[in-house]
Every structure is written in structure tokens, then in C-alpha cells.
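Asks: In my numbering, the protein residues as written are -14 to 483.
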Ligand SMILES: [Zn+2]
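1. Ignoring anything shorter than 4 residues or poking outside the segment 13 to 85, list the alpha helix (DSSP H) runs there in chain order.
2. Determine which residues share a DSSP beta bridge with residue 378 and list them.
3. With a cut-off of 8 Å, do at least 3 Cβ pairs link the segment 254 to 271 to the segment 211 to 220?
4. As a quick exercise: from 373, 469, 442, pick the residue whose alpha carbon is nearest that of residue 40.
5. Determine the DSSP secondary structure at residue 420, reduced to helix, strand or coil.
6. Would you check whether ligand 1 has a heavy atom nearer than 7 Å to the C-beta of residue 23?
7. Tell me whether residue 359 is buried or exposed, calling it buried when 16 or more other Cβ atoms sit within 10 Å of its Cβ.
8. Name the DSSP beta bridge partners of residue 260, please?
9. Over the uninterrupted alpha helix (DSSP H) stretch that includes residue 443, give me the two end residues.
10. Ignoring anything shorter than 4 residues, give me the alpha helix (DSSP H) runs that lie fully in the segment 276 to 344, in order along the chain.
11. Restricting to Cα atoms, I'd like to know which of 319, 191, 205, 403 is closest to residue 237.
12. Is the segment 414 to 424 in contact with the segment 457 to 464, if contact means three or more CB pairs nearer than 8 Å?
13. Anyone know if the C-beta pair for residue 375 and residue 143 falls short of 8 Å?
14. Assuming residue 332 and residue 126 are in contact, meaning their beta carbons sit under 8 Å apart, how far apart are those beta carbons, in whole angstroms?
15. Just the Cα atoms here: how many angstroms apart are residue 541 and residue 349?
16. Tell me the DSSP bridge mates of residue 473?
17. Using the Cα positions of residue 115 and residue 361, report the straight-line distance between them to the nearest angstrom.
18. Are there any heavy atoms of ligand 1 lying less than 7 Å away from the beta-carbon of residue 208, as far as the coordinates show?
19. With distances taken between CB atoms, is the gap from residue 290 to residue 306 smaller than 8 Å?
20. According to DSSP, simplified to helix, strand and coil, what is residue -5?
21. Tell whether a beta-carbon distance below 8 Å holds between residue 156 and residue 120.
22. Does the segment 86 to 105 touch the segment 400 to 415, meaning 3 or more C-beta pairs lie closer than 8 Å?
23. Which two residues bound the contiguous beta strand (DSSP E) that contains residue 180?
24. Tell me whether residue 142, by its Cβ, gets closer than 7 Å to a heavy atom of ligand 1.
25. According to DSSP, is residue 127 part of a helix, a strand, or is it coil?
26. On a Cα-Cα basis, can you pick out the residue from 384, 423, 388, 370 that is closest to residue 104?
27. From residue 201 to residue 322, what does the alpha carbon distance come to, in whole angstroms?
28. Quick check on residue 53: buried or exposed, where buried means 16 or more other Cβ atoms within 10 Å of its Cβ?
29. Which of the three DSSP states is assigned to residue 488 in this structure?
30. Going by the C-beta, is residue 221 closer than 7 Å to any heavy atom of ligand 1?
31. Going by beta-carbon coordinates alone, are residue 340 and residue 272 separated by less than 8 Å?
32. Would the beta-carbon of residue 66 fall within 8 Å of that of residue 89?
33. Quick check on this structure: which residue in 435, 356, 197 has the alpha carbon closest to the alpha carbon of residue 218?
34. Would you say the beta carbon of residue 167 comes nearer than 7 Å to a heavy atom of ligand 1?
35. For the beta strand (DSSP E) containing residue 135, name the first residue and the last one.
36. When you compare only the Cα positions, how much space is there between residue 43 and residue 230?
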């Protein structure tokens, strides 16, 4: 069945997950009033958010309906009809056949439906590109700003998963994203990526030729919650915002030092630190000074910019914002960085103004789900298709050992979200590979299986209670095709999914 048949009710409460106390919201501002906001982008993005998240949110109500039917005659046919209508696909017969003997395994069905919904949204993403566009113009823009590659590390928290396509309004294709708990990226891994990028510039002239005077820009995004600072901040930093910002800056500086010390001849990179308020998606940018130093205490607030630019009609948005950025930097007693950096940051702020408007317009100024409400854990290497908030907890890793801390945080979150209610934790294990390299697919499959085994060992008590299910997938990035399923533990006897 084609992926566009995904059932698409708007996300609602009543998914069975915890509902939060009402909060005092900022004054509602009607969308489309701000001169710098792109309403057509906002309409396109909300349609996508509703379609995908609606499909995940429909799973629990549908399973409740099926559960109520289980003693009916002709149960299997009735259940399949219901699932087809509400979720847009059918359940594997094996999950329904013997339900009159042992009862329905709702946990297994829940994981299978979560995996199938994910598989369909992933396929839709790669086949139809619902969020694609603007890649070439963006690459030309960053090169004008003096950069050849933008590498962003947000916290692995699912409330930051939409940082590229939504919060910053950047095309996901040319921007490298690697999420780590607490935005504490692996410096050695980043050095490796940097070397690879510079080699490509020398040998393949991509993204641009090595003799172009451009630099690699590394961005770290930490986060906080203004409404519930002590509960909904960054779990990896004990909800301490200053600590989260300082730790991310320290990691950025270590990466730059690593590049400068390892590779001489003036090799260096540029850095940028951004804070994200996960309640309303407004960012604050710690703009570096002329020497590249970033101040934790000083930042440029997109919320303030939003208010300040409300009447700025009839002018070029990027120029207006660049002037504002320079003014803010000087008011803070700090030197202004190169024009390219100011221009790039202005582009980020401009994108964020649309996102601030988006949250005001479609989420009443503040998200209803301030805390974790992810649907599954994603682990391995890949997941470019996850561009939505609070859908996936990420743990990027090659082996369980090196990413154990990130995985433990994820399992802890899902113990509260799912296990406490009797539902298993769905984990998608995925490795992307380069199909042009001989044997790459086989190695990616083996890595999936190795990670699956290690995960089952590490969380053996969850496995013993049938509270952990895994879906194993690989994807050829060279062919730019959809990901292939290798195994799904939610199917009896771990049979092939399709
Ligand atoms: Zn975090």
C-alpha cells in the first residue's frame, strides 16, 4: 500500500500518555502578521507534522478498539477492517490468528504498528521528499558567508529532532546532523568527519574546491525550558541550563583546538553555540566575537528580535536582522565577527522567526507536550528522515559500549512513557551505508545484528518481560533509496516483516 495512505487525523490528547497541568501561555498572536514570517512554509510544515504525528497518535486508540472486539465472531476480519480504516495498513495475520487461545498481545501489536508507521513515513520521506527543497541555494549562500559545510549537533532529546527543518528552517540535505545526549558530541568522531570533508574538497571538489577560502562550521544546540526549568530542561545536565551551555561550548572549543593542534598550516574551524527553549522553539544565539570567543552570559534572543521587528515593513529581512545583530553584539560590549558569520546567524534567526510564529499559531504559543512524548528510540547511524519534534529519541552510535550513556537515558525515558503502562519500548536499529563500497551492505546488516544482540544483553530484564522490541533496517545513501527492513522482533519467530 502506498505511503500516502497514512491515516492523518491531527494529533490529539488521549493517547493514554500523561497529560500535563495547564500552563500560563504567552499572549496569542495571530499568524501571518509578522513581516518576516513565511506563512506558506508554516502551512506546509504543519500539514506534514499533522500527517505524520497523527499516524503515530492513532495507534493506541485503534488498538483499544481492537481489544474491545476480541471476543467477537469474525474477529480477525473486523480487526483488519478497523486497522485499515484507522491506520491505513493491515496487521500480520500471525499476530491475530491465535488470539482466542492466548489473548491478544497488545504490547507486540503496539510495537509492530509503531514500526510499520515509522517504515511508511520513512519511505514517504525518501520517495516523495515532503520536506526537500532549497539545497543548492543554501549551499551557495553558506559559501558566500565563508563556510563550506554546516555540522550541527543538537541534544539527542526528541524535542530537538526538528531543529534543522523546523526550528532553523535549513534544508536537511546539505546540513550534517549528529545528535548526542547533552549535545556532547564525540570530538574524535568530529575530527574524522572534518578530515573526510577536507579530503573530499581536495579530491572531489565537493562541496567546494579546497582552494576556496571557506571554513567548516560546527554548531552545538543545547536546550532549556522556561516554563518548567527544573523538570523539562536537559536530562543529561540535570536540568542545569548554564551547565548545558558551558559543557557544549567546552566541547566546541575542544574540537577547534583538536583541528588546530593536529593539522598545522593555519587549519581551523568556526564555532557557534545556540540555546533552544523547547517550550516554544525560540532560539538564542551566542554569537562569537571577532576572535571567535563565545560568551555564555551573552546571547541574541530570537523572541526579542520577533517583537523588535514586528513593524519592520518594506525592508530586506536579512539586512534588517544583520543590523540588529551587530547592534546587540555592540550593546553587549563585544566585538562583531566577520560579515559572513553575521549574515549566516541572521539567516538562522530569520528562519526561527517563522518557527516562533508557527508555535504561536498552531500550538497556542507553547507546546502541549512540554516533556518527553517520543514514539520510539532510533539508534545506529542515519535517520535523516526524522525531522519532527518529540517523535524519536536518538542515540547515534556504532557500538553499544560507546553510546551506552545515551541509550540508558533513552531507555529510562521510555520506561516512564511505555513500560510503566505495560507497553514495550520500540527501538529502531538502523545503519546507513555507501552502496558504492563492496560489501558495505553486508557490514551494515552485521552491525545492526551486533547492536541488536548487545542491546538485548544490556537490557535483558526488559527483553525477558517482552518489553523491548527491535526493528532492524539498513539504507543505501548512494542510491538515495528508502531503508530496507532486515528483521522485526515484534513478528512471531522474528520472521521477515514483508
Ligand atoms: Zn538534552
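Using N, Cα and C, we set each Cβ at its ideal position, and we do this for glycine too.
Replies: On the basis of the data shown:
1. 24 to 42, 44 to 54, 60 to 72
2. 362
3. yes
4. 373
5. coil
6. no
7. buried
8. 207, 269
9. 425 to 443
10. 287 to 293, 302 to 316
11. Closest in C-alpha terms to residue 237, from the list 319, 191, 205, 403, comes 205.
12. yes
13. The answer is yes: Cβ separation under 8 Å.
14. Cβ atoms of residue 332 and residue 126 come within 8 Å of each other, at about 7 Å.
15. Beyond the ends of the chain as shown, which are -14 and 483, falls residue 541; an answer cannot be given.
16. Paired residues: 456.
17. The straight-line gap from Cα to Cα measures roughly 21 Å.
18. The closest heavy atom of ligand 1 lies less than 7 Å from the beta carbon of residue 208.
19. yes
20. Because the pLDDT of residue -5 is 38, which lies under 50, any placement of that residue in the model is unreliable, and the number read from its coordinates should be weighed accordingly. In the three-state DSSP reduction, residue -5 falls in the coil class, being neither helix nor strand.
21. The criterion of a C-beta distance shorter than 8 Å is satisfied by residue 156 and residue 120.
22. Because the criterion of three Cβ pairs below 8 Å is met, the segment 400 to 415 and the segment 86 to 105 touch.
23. Run containing residue 180: none in the beta strand (DSSP E); it sits in the alpha helix (DSSP H), 172 to 188.
24. Taking the Cβ of residue 142 as the reference point, at least one heavy atom of ligand 1 falls within a distance shorter than 7 Å.
25. helix
26. 370
27. 16 Å
28. exposed
29. No answer is possible for residue 488: the residues shown for the chain start at -14 and end at 483.
30. yes
31. no
32. Not a contact, by the Cβ cut-off of 8 Å.
33. 356
34. When distances are taken from the beta-carbon of residue 167 to the heavy atoms of ligand 1, the shortest one is below 7 Å.
35. 132 to 139
36. 37 Å
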